[in-house]
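Just below is one structure, and these are the notes that go with it.
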Amino acid sequence: MADSDVANHKTEVQLKKKRSKSTKKSLIAENEKRQKCLEILLKSNSLPQCVVNILKEELKERGQMYKMSMDEMEQFWQELHGYIRELVRQLLDDEGNVGEQICAVVNLLQHTALLHCVGESETFTQMAMVLNLAMTHETCQLQVKNEICKLSEYCCIKELRVPGEFYLNTFNFLFDYTLSEKETEAVDVKLAVKRMWEMHVALARLNLRTQTCEAVVNKLARIVVSPNYLACKEGRQFIAFTFTLDIKLIKKFHQAVKDFLPSCKRNQAVAYGEVYHSAWLNGSAEVRQALGSQCIQNLMTHMFVFPRKKQELTHLGHNVFAILSYLHHNRTLSHFSKTLSELYMPLLWRHLRSGNNIERCNAAEVFLDAYPLETPGSGKVEESNFMNKQHSEMFDLLTDNCHVVRIIAIKGICDKLCSAWRTFPPETIQVLMRNLIDLASDGSDAGVRRALYDGLAVLLLNPESAAYLARILPGLRDCIHDENEKVRKSFVRLLCGVKNMPDPPIKYWKIVTVNHLAARLELENLEVGSELSKLLMSNIYTADQSVDKFLFRLLNFIKISPRAARKLFQFSIKVLDYKNALRVMITILLNLRAHVKKKEAENHCPEQHQEENEVRQSVPKRKKRKSAEVLQSISENDQDGSENKENDRSKENQRNSSSCSSATEDKEEKDEYNQPGVAHALVDIVSLLWSIHSKSLADPSHEEDHNNLMDMACAGIPLFLKYYRGTSTYYAVVHLASFVPPDRLKSVSTVCSACVSHLKQVSEVTPPAELEVVVHALCSWGRFADIQDLVIDWLDQAFRCEGLNQSQVPKEEMKQRRVRFVAKGGKPMVALQLLDTVFGHPLNSTRVLNKSYNMIHDLYIYLERIKVVVERRLLGGLPLDSPMLSDNFLLKCMYRYAILILILHRPEPQTAANDESVVDAFDASVMFYQFLVWTIRVIKPLMPQEIEAEADISVLLIKDILRAAANLVDLMYANEETVMKIAELIQGLLSSECGLWFVESSMIVVKHLKDYTEAKYGAEDKAQLMKKVVPSLLSQALRLLSVKKYTRDQMAVFTSYIFLM
1 MADSDVANHK
11 TEVQLKKKRS
21 KSTKKSLIAE
31 NEKRQKCLEI
41 LLKSNSLPQC
51 VVNILKEELK
61 ERGQMYKMSM
71 DEMEQFWQEL
81 HGYIRELVRQ
91 LLDDEGNVGE
101 QICAVVNLLQ
111 HTALLHCVGE
121 SETFTQMAMV
131 LNLAMTHETC
141 QLQVKNEICK
151 LSEYCCIKEL
161 RVPGEFYLNT
171 FNFLFDYTLS
181 EKETEAVDVK
191 LAVKRMWEMH
201 VALARLNLRT
211 QTCEAVVNKL
221 ARIVVSPNYL
231 ACKEGRQFIA
241 FTFTLDIKLI
251 KKFHQAVKDF
261 LPSCKRNQAV
271 AYGEVYHSAW
281 LNGSAEVRQA
291 LGSQCIQNLM
301 THMFVFPRKK
311 QELTHLGHNV
321 FAILSYLHHN
331 RTLSHFSKTL
341 SELYMPLLWR
351 HLRSGNNIER
361 CNAAEVFLDA
371 YPLETPGSGK
381 VEESNFMNKQ
391 HSEMFDLLTD
401 NCHVVRIIAI
411 KGICDKLCSA
421 WRTFPPETIQ
431 VLMRNLIDLA
441 SDGSDAGVRR
451 ALYDGLAVLL
461 LNPESAAYLA
471 RILPGLRDCI
481 HDENEKVRKS
491 FVRLLCGVKN
501 MPDPPIKYWK
511 IVTVNHLAAR
521 LELENLEVGS
531 ELSKLLMSNI
541 YTADQSVDKF
551 LFRLLNFIKI
561 SPRAARKLFQ
571 FSIKVLDYKN
581 ALRVMITILL
591 NLRAHVKKKE
601 AENHCPEQHQ
611 EENEVRQSVP
621 KRKKRKSAEV
631 LQSISENDQD
641 GSENKENDRS
651 KENQRNSSSC
661 SSATEDKEEK
671 DEYNQPGVAH
681 ALVDIVSLLW
691 SIHSKSLADP
701 SHEEDHNNLM
711 DMACAGIPLF
721 LKYYRGTSTY
731 YAVVHLASFV
741 PPDRLKSVST
751 VCSACVSHLK
761 QVSEVTPPAE
771 LEVVVHALCS
781 WGRFADIQDL
791 VIDWLDQAFR
801 CEGLNQSQVP
811 KEEMKQRRVR
821 FVAKGGKPMV
831 ALQLLDTVFG
841 HPLNSTRVLN
851 KSYNMIHDLY
861 IYLERIKVVV
871 ERRLLGGLPL
881 DSPMLSDNFL
891 LKCMYRYAIL
901 ILILHRPEPQ
911 TAANDESVVD
921 AFDASVMFYQ
931 FLVWTIRVIK
941 PLMPQEIEAE
951 ADISVLLIKD
961 ILRAAANLVD
971 LMYANEETVM
981 KIAELIQGLL
991 SSECGLWFVE
1001 SSMIVVKHLK
1011 DYTEAKYGAE
1021 DKAQLMKKVV
1031 PSLLSQALRL
1041 LSVKKYTRDQ
1051 MAVFTSYIFL
1061 M
């Protein structure tokens, strides 16, 4: 017996067990319900005595009623008939609550009907008719109606001699309940729909063309679009059955479906495909003809002319296509397949050659989904010619002049080739593949190339088509450098598809070399870089890989491109989980530390090392044994005490160090670690992974992992700093050290003080990257005070030229600082660069604000003197004498002062992070309002009286102030008074002689004012910004731009951004 057969047998046995269990449960529940009903009836005083006796015997010993003869049962029903009439009378007259008794007696009738034949019993029929009539009364509760309806359903299915009104009452109740949108616990709607399907044979007995059944027809039209029916199999079968009831009603029901399609869900549209398919299979010849011409072909006709949004169909178009697609994929009967082909014949070919691009798009989508259209019974020659015609249409679609048609053709043809590769003749496959590959150079739209690579990825799912592609894909190697990002992403996914095949016919690096992949990875961002990381990571690191193999592959990849190696791990969040990332970091730190220690030892004893080399060269080399040690787990839970943990750590360090030394023992001449950029990249990789998984490391459950990592870092950082001093790797080590708290570093390294000392030596020519590393490290260690000291000292040297060098920093805080510098020369521009580096990085800014808010406030107070310097510069009309107070410095310092107002915004007092002191509130809106008042009073009157070719310093100052104002409004810090003051400033600037200079900056602020108004006031607009202020400013700007004395070229000098919009 095959494994599949055994599995199927087990599944069948399990299903039978489940069914038997469910059947037992239902029988138990039914018996309990019947027993409860008998108890209810026996409590009634009006029940005939003979009925009471029988019910007592049945309650005492089940099965007694089954032993009764037909005559005895008829007598029993006759006695019960009068009791039922009395209960119905009380129900209609609303005399007491008899609903529970009616439900009980109905249950009793259902039970006796199952035990004996009721077809010829007039008494049973009369009781059912009495109860059926009571079901229509308003006083009858829903639960009672439901129980009566079950009895009525049984009578209808057994074809008892009841009038047509009996049928109508039963169907009306089921219709009304299953169509109700109200949820109730009285009746299960899904169960009611299933009961409706069981009644479908009885529904066929009604003459739906009569006037009495008009209401039934209308309710059937509602059922056709009912979500309750579409949601279950029996409901869909019932809807399909309604289409076969009367050929004259098909059009009415189909129109109801068409009216519902624009709002229905996708799964409901697919359900309609099942409905039409089932109706066609179960209908007569006349019904099939009507369904084909009035329903299916009608949907086809509309499908070809639906509009499209960009490349996609509308919601209605997708729903109609879902119906047709279901029919396409369920052509199991040759007759049905032939019918579909005949229905498409007069429509499909005409629309495929339409002059309207949208119609060709729709036709192409339908044709490729319906392929292959078949004409069974027409003869081999005719069938072959018809198939060749379809292949010819595919060729034409791939070369269509509309790029959307080509995209649809690529997707459809690749899907068909994948699913039915063997059905295509070799000549057809050759032509199709040639046309597909030609589209790789389609420059009309990037979507075509993207669809091509997605389609080729689909072809990889078929082993035969994948083998064919193995000969073609190497010719597409240059496509990895496509100019479009989404296209490159699709191409990389294609390579991932090649890699993930169980038995790939070609390796992905034979399609695109690793050098090209590395060159691409250097330039990519997260979108494509993450896909490249998925492609390459498993070839460099896997969890079961040995240390030697991992290091060998990693070092080789770094030598190809250090920057690509960094990007590989930077985008590895989806392919390298926390545990594996931790192993990589520990492994790199251990082996790099071992390398540095070895080099340090060689440098200390060069003569001894030379003798060892001579001895080693005289001994013949042994074949190197491959290390089989895999990367060890870092966070093992050891319960043997702290001593055992320390021993385990030392042993693990020794093992990893020995593996590293053995990997490099026979390669001293090459020495991969000393290759340019290798050590730098390795340290950067550790820093990147540490940053990516910082949240996981901070988790209390990973405290031991975090301590281990910091121990490794602290052990290696002092060696790295000493060995790599004077190289770019030194700054990479500083960045790595920024992840370690200063308390952990203090005992092993003086890197914190070294960074502070390094800042003293920076100048305007210092590379920004080096400055960023040092500043970032100091901010992470909480050493902003040292940065502030340098900044104030350097700025003091500049302000001393104007006699404004008094320090505003409180002396108490100066005492707390570790280093106090006395600058020999001023570096004001470098000071501003330091501040830009601190506040330009979100992480640095957040850290400084949380730990050193008061220091930033002191710096803001200190920078207020820039207003005095600016005022003197504007009044003098010429640049100041000191080169340190250049116009460029004044502009940058003023903008930094304005931005500090926004950074310091705290509407309410807060407790400082470092102590229990309270930080006072700082309202940025109020402070900026005062700043605007100063601007209007000091700077605005000193602007040029006429526009000049080059902007004056006053113009540049105001443009920077407007830029800060835009940020204030965008952050929602501004209050109504400040907003109106900003609008006042803009109004005055636009009405001045040099207003053209401010159009661009002003309109940016106005745009933010609009968003500010909508977010804060909504439709009310209490401040009248949208009704008066914003329209007034826009009108002023348009009036300024429409002045005839300025040509377009002249205005473009002042408002270049607007003309690029």
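Heads up, the sequence shown stops at 1061 in UniProt numbering, and the numbers go up one at a time, no gaps.
Where a beta carbon is used, it is the ideal one built from N, C-alpha and C, also for glycine.
The model shown is predicted, which means the values in this text are computed figures rather than measured ones.
Assigned secondary structure, residue i (DSSP; H/G/I helix, E/B strand, else coil)
i, result
"K811", "With a pLDDT of only 40 at K811, under the threshold of 50, the placement of this residue in the model should not be trusted; the figure read from the coordinates follows. If DSSP states are grouped into helix, strand and coil, K811 belongs with the helices."
"D640", "Reliability of the predicted coordinates at D640 is poor, the pLDDT of 40 falling under 50, and no value is obtained from them."
"F922", "strand"
"S533", "helix"
"H313", "Looking at the sequence shown, residue 313 is not His but Leu. It is a strand residue."
"S1002", "helix"
"S728", "helix"
"R744", "helix"
"R616", "Interpretation of R616 is limited by its pLDDT of 48, a score under 50 that renders its predicted location unreliable; the figure taken from the coordinates is listed afterwards. If DSSP states are grouped into helix, strand and coil, R616 belongs with the helices."
"I413", "helix"
"S738", "coil"
"R538", "The question names Arg, but residue 538 is Ser in the sequence shown. Residue state, collapsed to three classes: coil."
"S561", "coil"
"S546", "strand"
"R449", "helix"
Span of the alpha helix (DSSP H) around residue i
i, result
"H595", "578-604"
"R1039", "1030-1041"
"Q289", "285-290"
"C893", "887-903"
"G826", "Taken as a continuous stretch (DSSP letters only), G826 belongs to no alpha helix (DSSP H), as it is neither H nor E."
"E393", "380-398"
"W349", "334-352"
"G355", "Note, G355: premise wrong, no alpha helix (DSSP H); not H, not E."
"M199", "Element bounds for M199: n/a, residue is neither H nor E."
"N282", "266-282"
"L476", "No alpha helix (DSSP H) holds L476; DSSP gives it neither H nor E."
"S753", "751-761"
"K768", "According to the sequence as given, residue 768 is Pro; it is not Lys. Here the alpha helix (DSSP H) through P768 covers 768-780."
"Y177", "164-179"
"residue 1068", "Limits of the chain in this structure are 1 at one end and 1061 at the other, which puts residue 1068 out of reach."
Option nearest residue i by Cα separation, candidates the options
i, options, result
"L682", "I573, R553, S757, L795", "R553"
"K145", "L942, T123, A192, Q126", "A192"
"L476", "E86, M345, R449", "R449"
"Q78", "C103, S121, L92", "S121"
"K56", "I410, L41, I247, N45", "L41"
"T513", "H481, D544, N525", "H481"
"E50", "K33, L80, K36, K67", "Per the sequence presented here, residue 50 reads as Cys, with Glu not at that position. Closest by alpha carbon: L80."
"D369", "E802, C37, H329, S392", "H329"
"L206", "P163, L230, Y229", "P163"
"S749", "H841, I717, L759", "I717"
"N901", "Q945, F839, L880", "The displayed chain sequence assigns Ile, not Asn, to residue 901. Among Q945, F839, L880, the Cα nearest to that of I901 is on F839."
"Y272", "Y326, K389, L91", "Y326"
Contact between the region 460-480 and the region 412-422 (3+ Cβ pairs under 8 Å): With the cut-off at 8 Å, the region 460-480 and the region 412-422 touch.
contact_flag[the region 679-694, the region 564-580] where n(CB pairs < 8 Å) is 3 or more: Touching, per the Cβ criterion.
With three or more beta-carbon pairs closer than 8 Å as the criterion, would you say the region 707-716 touches the region 586-602? Because the criterion of three Cβ pairs below 8 Å is met, the region 707-716 and the region 586-602 touch.
The region 927-946 touching the region 841-858, judged by at least three CB pairs closer than 8 Å: The region 927-946 is not in contact with the region 841-858.
Evaluate the contact criterion for the region 733-746 versus the region 775-782: three or more CB pairs, one atom per stretch, below 8 Å. Yes: at least three Cβ pairs fall under 8 Å.
Where in the region 231-255 do unbroken runs of the alpha helix (DSSP H), each at least 4 residues long, occur, reported from the N-terminal end onward? Counting whole runs of 4 or more residues, the region 231-255 contains the alpha helix (DSSP H) stretches 233-243.
Residue ranges of each beta strand (DSSP E) run of no fewer than 3 residues wholly in the region 65-103, ordered along the chain? None, since the region 65-103 contains no complete beta strand (DSSP E) of that length.
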